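One structure below.
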Amino acid sequence: MKELQHLNKYFYKYRTHLIIGSIITIVARLFLLYTPRYVKKIFIAIEKYFDKSIDETVFRSDLLEAILYIIGAAIIAALLTFFMRQTIINVSRYIEYDLKNEIYAHYQKLSLNFYKSNRTGDLMNRITEDVSRVRMYAGPALMYSINTLALFVIVIIYMVNASPKLTLYTVVPLPILSVIIYKLSKEIHKRSTIVQEYLSKLSTFTQESFSGISVIKAYGIEPQTSVNFKELAKQSKEKQISLAKVQAWFFPTMILLIGTSNLLVIYIGGMQYINGEIESIGTIAEFIIYVNMLTWPVATVGWVTSIVQQAEASQKRINEFLKIEPEIKNTITQHTEITGDIAFNKVSFTYGDTNIQALKDISFSIKEGQTLAILGKTGSGKSTILDLIGRLYDIDSGSITINNTPINQLNLNDLRDSIGYVPQDAFLFSDSIKTNIKFGKQDATDNDVIEAAKNAQVHKNIVKFNKGYDTVLGERGITLSGGQKQRVSIARAFIKSPKILLLDDCLSAVDTETEEKILKNLSKISKGKTAVIVSHRVSSAKNADKIIVLDQGKIVQEGTHDSLINIEGYYQHLYLKQLSETGKNTP
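When we follow our numbering, the leftmost residue of the sequence shown carries the number 732, and every step to the right adds one.
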């Protein structure tokens, strides 16, 4: 139960509902107990009638009165049980809602390294399947526990008052039941954990298969993928069956022990009646009803125990992620003004997941309103610089300042709100094109959206779609071509009108003519703003105020376009190569 203590804050939050639900539960159980008491009275009335102690009129009156009390009590108990379920079960839905939001909010805070080391399917499984199992603990398990405890205490009190000796014999099987439940619960907890792990594996496999379906089809490996899925599903099935086999012992055990109690009531009670130790045969009937009233609560002990064990296994998996501290923390609460002055001073950075040093003693600076272009071979550290400006990672050594303030002393929300970022791999959401562009500015008007799309040279493509800007994209924007996705992503950054614009080789999928138009619009939009452009093309870098060339994490060249084309090195070679490819005087 240690892992489930995480939910205590939610139980406290909804304590009023739970208290009211508990009171309703107790009152409902009290009304249920009218049935055995008045059944006993009916038997007493029958005995008296046959003994000629009462006449037929009194007998009918007593019988009618008992029946009416039983019916009335049953109706009231049913209504109270309905309200009990509405009160307590609703709390479980509230807790499910809060817990999912807590997990999602924590996911949002975690750093990129976390997502590199954990699979999407597993993350999804913990926020769906695991939370659903926890909800069962916070709702049905809690409700039946309160119901069982209340009924058990009340029934035992009534039974002791009716016949202490008969009560003792009736509850003899219960300690045996407790030992069995304890043994089975330990095994259920162990197997539940394994089941959840396999569900995560299954979710991860299917998620990756659906996301990479184009690759699977292109390589014609559908049969092998199906075989792999079937094998994983088979293993998951076997673990589920293994768990079910243990759970299957609960109800037969309950029925056996309750049946034993009934036999003891009939035999011991019968002997007591013969010996004159109990006044009426009605007491035996009353006890049989009591025992059977305990049948479902006692039976639910096993079911509830199973739910609790599964919930604890799931909550443990949830807690594993909730306990992970974000590597990037926002320690500044006050608002910080962001301008475009950026400076790197002997910055070194190593990726924690691969231990690859991406940057080594990098130093450069750009002023507000300037444009910096970064070129270099694949893996030279270009994209890493953009990630560090957005503080997606913290550096190993050196310093990064914005506005002459260390980047870790800026309000992280203000920093990222001032940045417009276009990643190399354009990611679009499964929503309309308009919504994807407005992602950069939620309160943007339709005119703002159109203007941003025109500046990104994608407006003409969008209006050709049947639904125009309301066209709903497939997953990851699969509806669009690579160039269209890049340009919609650029429009998303443009509409934000950020103080710092980061473009990570986002023009690689567009032709040179379209690239020229976008860069021309960029120079117009970015006046007074700082822009950092990562590219493999000289044409994207030539108009920048400063150009740096990276190689294996170090700056090997630095200057302007005019100065670098006259110096032997990577930039000149790239310039001449692209010049020959285009057949123009300038690329």
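Backbone N, C-alpha and C define an ideal beta-carbon position, used for all residues, glycine too. Owing to the predicted nature of the structure, the values given are computational and were not obtained by experimental measurement.
Along the chain, where does the beta strand (DSSP E) containing residue i start, and where does it finish?
| i | result |
| --- | --- |
| V1153 | I1150 to V1153 |
| L1234 | I1231 to D1235 |
| F1095 | Q1088 to I1097 |
| V1263 | T1261 to V1265 |
Looking only at C-alpha atoms, which of the options sits nearest to residue i?
| i | options | result |
| --- | --- | --- |
| I773 | E1206, Q817 and S792 | S792 |
| D1156 | K1191, A1184, I1097 and V1265 | V1265 |
| V1039 | I1164, S876, T1166 and I888 | S876 |
| L843 | V1269, L1146 and T1085 | T1085 |
| S1271 | I1286, V822 and V1241 | V1241 |
| L1310 | K1277, K1273 and G1284 | K1273 |
| T818 | A804, T937 and M874 | M874 |
| W980 | P954, H1304, W1034 and Q966 | W1034 |
| T851 | V886, S753 and S931 | S931 |
| R1048 | T1243, A804 and K921 | K921 |
| I1164 | R1207, P954 and M815 | R1207 |
| D782 | Y868, S1011 and L799 | S1011 |
| G1214 | D1236, Y838, L841 and L1232 | D1236 |
From the DSSP output, which residues share a beta bridge with residue i?
| i | result |
| --- | --- |
| I911 | According to DSSP, which records beta bridges pairwise, I911 is partnered with nothing at all. |
| T1132 | A1074 and P1137 |
| V1280 | L1106 and Q1288 |
| F1052 | BP columns for F1052 are empty, so no partner. |
| V1203 | S1163 |
| S1079 | S1128 |
Going by the beta-carbon positions, is the gap between residue i and residue j smaller than 7 Å?
| i | j | result |
| --- | --- | --- |
| I1226 | I1279 | no |
| A881 | I1005 | no |
| G1112 | L1234 | no |
| S1045 | F1075 | no |
| R1223 | F1170 | yes |
| N849 | S934 | no |
| S1220 | V1263 | no |
| A893 | T984 | no |
| S923 | Q1041 | yes |
| T879 | P1028 | yes |
| A759 | A797 | no |
| E918 | R866 | no |
| I1249 | Q1188 | yes |
| R1079 | G1129 | For clarity, residue 1079 is Ser in the given sequence; the question names Arg instead. Taking 7 Å as the Cβ cut-off, S1079 and G1129 qualify as a contacting pair. |
| Y929 | K970 | yes |
| I999 | L897 | yes |
| N1142 | T1036 | no |
| S957 | T901 | no |
| I1138 | R1122 | yes |
| Q1003 | I1009 | yes |
| L1025 | V886 | yes |
| Y1200 | I1193 | yes |
| L794 | A776 | yes |
| K779 | E1017 | no |
| L811 | I755 | yes |
Since residue i and residue j are thought to touch, with beta carbons under 8 Å apart, how far apart are those beta carbons, to the nearest angstrom?
| i | j | result |
| --- | --- | --- |
| V926 | L974 | 5 Å |
| T1070 | K1230 | 6 Å |
| L915 | V862 | Wrong, their Cβ atoms sit about 25 Å apart, outside the cutoff. |
| I989 | V1032 | Incorrect: roughly 11 Å between the Cβ atoms, too far for contact. |
| L1159 | L1204 | 6 Å |
| D1092 | I1133 | About 20 Å; that fails the 8 Å criterion. |
| N1061 | N1135 | Wrong, their Cβ atoms sit about 20 Å apart, outside the cutoff. |
| F936 | F960 | 6 Å |
| H748 | N821 | 7 Å |
| G1151 | L1232 | 5 Å |
In the DSSP assignment, find the alpha helix (DSSP H) that holds residue i and state where it starts and stops.
| i | result |
| --- | --- |
| S1212 | That residue, S1212, is in no alpha helix (DSSP H); it is neither H nor E in DSSP. |
| L830 | E787 to K840 |
| Q966 | E953 to Q978 |
| I1164 | I1164 to K1169 |
| Y1321 | Residue 1321 is absent from the structure shown; the chain starts at 732 and stops at 1318. |
| G852 | T851 to I858 |
| E1246 | T1243 to I1256 |
| S1114 | K1113 to I1120 |
| N892 | L873 to A893 |
| A776 | Y765 to F781 |
| F1158 | No alpha helix (DSSP H) holds F1158; DSSP gives it neither H nor E. |
| L843 | L843 to S848 |
| K1191 | H1190 to I1193 |
| K1172 | Taken as a continuous stretch (DSSP letters only), K1172 belongs to no alpha helix (DSSP H), as it is neither H nor E. |
| S1239 | Taken as a continuous stretch (DSSP letters only), S1239 belongs to no alpha helix (DSSP H), as it is neither H nor E. |
| D1179 | D1177 to N1186 |
| A1272 | V1269 to A1272 |
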